[in-house]
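Colleague: The opening residue of the sequence shown carries number 1 in UniProt numbering; numbering runs sequentially from there.
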Amino acid sequence: MLDLANLNVSYGKQKVLRDVTLSLQAREVVALIGSNAAGKSTALRTTAGLKKAESGTISFAGKDISALSTVDRVQSGLVLVPEGRQIFPRLSVEENLLMGAYHRADRNHLDGDLERIFAMFVRLKERRNQRAGSMSGGEQQMLAIGRGLMSRPKVMLLDEPTLGLAPIIIEELGSIVRGLAREGLAILLAEQNAMMALGCADRAYILQSGGIVMSGDAKQLSDTPEVKQMYLGT
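1. Taking the DSSP output, what are the residues bridged to M156?
2. Would you mind giving the Cβ-Cβ distance between I87 and A132, rounded to the nearest angstrom? I have them listed as a contact below 8 Å.
3. With K15 as the anchor, note down where its beta strand (DSSP E) starts and where it stops.
4. Note down, in chain order, each residue of its chain lying with its Cβ closer than 6 Å to the Cβ of S41, except the 5 sequence neighbours on either side.
5. Suppose contacts are defined by Cβ-Cβ distances below 8 Å. Is L232 in contact with L157 by that definition?
6. Can you give the Cα-Cα distance for P153 and R104, rounded to whole angstroms?
7. Tell me the residue span of the beta strand (DSSP E) that contains R203.
8. Check each candidate in E28, Y102, S76, V93 and name the one with the smallest Cα separation from A197.
9. Considering only their Cβ atoms, is the gap separating V71 from G39 smaller than 8 Å?
10. Return the first residue and the last residue of the alpha helix (DSSP H) that D111 is part of.
11. Can the beta-carbon of L124 be found less than 8 Å from the beta-carbon of G146?
12. In chain order, what residues of the same chain lie with their CB nearer than 6 Å to the CB of S66, ignoring the 5 residues before and after it?
13. Does DSSP put K51 in a helix, a strand or coil?
14. Who are T42's beta bridge partners in DSSP?
15. Please look up how many angstroms separate the CB atoms of N129 and S92, rounded, as I've assumed it's under 8 Å.
16. For L185, which option in L78, V155, I212 has the closest C-alpha, if you only look at C-alpha atoms?
17. DSSP beta-bridge partners for Y11?
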């Protein structure tokens, strides 16, 4: 469904991604694991069209989307939930969710989609009229995911969703990610928290200094000595 092939990206003279190649299939959770500054966010931002690649291709549903704008990528079914959540703090929860559907022409279906999000995230329903900036970090992350879902994506790019959250919320997010995949969503999950990512992913890629150094089944990778030592603290 989503394929990155030999992607190279730089910021100025600094090469950030080096020949990155990865794939994501329907109903699959794929983790992109790496330390801070490994290039995870750049990979997702480039896939979403927020950063231009020097070379390589991005294919979505069998079509090369490398030249498409971010808006066109969203309209085709590819959405990014950015690092740091980036909700609209002065808008209400419901207004934030509706912002996720800004491009949709089927306005008559928005109420049904809102109720689906509220059924999935009960705390958001309880706070639908509350200013988003007054909520906890975990609630804001759920709001960011819900806002992304309002665009009716086929592929969701999740960038560091557990950053700064308590362990109990991280565990809940892992369950949410798996549940979304079971419903048919394909998810590319960029995470420093390797334990969470490998626990909910089907496959994983290890990114170091901008390049993929390992890939494979998530459970098998979590059992390798290299991953245990470098990312799992064992």
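Where a beta carbon is used, it is the ideal one built from N, C-alpha and C, also for glycine.
Modeller: This is what the structure gives:
1. Position 156 of the sequence shown, counted from the first residue, corresponds to residue 156. Answer by DSSP bridge pairing, in chain order: V79, I187.
2. On the sequence shown, residue 87 is found 87 positions in, with the first residue counted as 1. On the sequence shown, residue 132 is found 132 positions in, with the first residue counted as 1. That belief holds up - the Cβ atoms of I87 and A132 are roughly 5 Å apart, short of 8 Å.
3. The count along the sequence shown starts at 1 and reaches residue 15 at position 15. For K15, the enclosing beta strand (DSSP E) covers residues 14-24.
4. Looking up residue 41 in the sequence shown gives position 41. Counting only residues of its own chain and dropping the five nearest sequence neighbours on each side, S41 has a CB closer than 6 Å to the CB of E83, D159.
5. Stepping through the sequence shown from its first residue, residue 232 is reached at position 232. Stepping through the sequence shown from its first residue, residue 157 is reached at position 157. Contact flag unset, no.
6. On the sequence shown, position 153 is the one that residue 153 refers to. On the sequence shown, position 104 is the one that residue 104 refers to. Rounded to whole angstroms, P153 to R104 spans 11 Å at the Cα level.
7. By 1-based counting over the sequence shown, the position of residue 203 is 203. 203-208 is the extent of the beta strand (DSSP E) around R203.
8. The residue you call residue 197 lines up with position 197 of the sequence shown. Of the listed residues, the one whose Cα sits closest to A197 is E28.
9. Translated into the one-based positions of the sequence shown, residue 39 becomes position 39. Translated into the one-based positions of the sequence shown, residue 71 becomes position 71. Contact: no.
10. Taking the first residue of the sequence shown as position 1, residue 111 is located at position 111. DSSP places D111 inside the alpha helix (DSSP H), whose first and last residues are 110-120.
11. Locating residue 124 in the sequence shown gives position 124, where the first residue counts as 1. Locating residue 146 in the sequence shown gives position 146, where the first residue counts as 1. Judged by beta-carbon spacing, G146 lies within the 8 Å limit of L124, meaning their Cβ atoms are closer than that value.
12. Walking along the sequence shown from the start, residue 66 turns up at place 66. Apart from sequence neighbours up to five positions away, the residues of its chain that approach S66 with a beta-carbon distance below 6 Å are T57, I58, ordered along the chain.
13. The residue labelled residue 51 in the question sits at position 51 within the sequence shown. Judged by DSSP in its simplified three-state form, K51 adopts coil rather than helix or strand.
14. Sequence index remark: in the sequence shown, residue 42 carries index 42 (1-based). T42 pairs with nothing; no bridge assigned.
15. Indexing the sequence shown from 1 puts residue 129 at position 129. Indexing the sequence shown from 1 puts residue 92 at position 92. Confirmed, Cβ separation roughly 5 Å.
16. What you label residue 185 is simply residue 185 of the sequence shown in a count that begins at 1. Closest by alpha carbon: V155.
17. Position 11 of the sequence shown holds residue 11. Looking at the DSSP assignment, Y11 forms a beta bridge with Q14.
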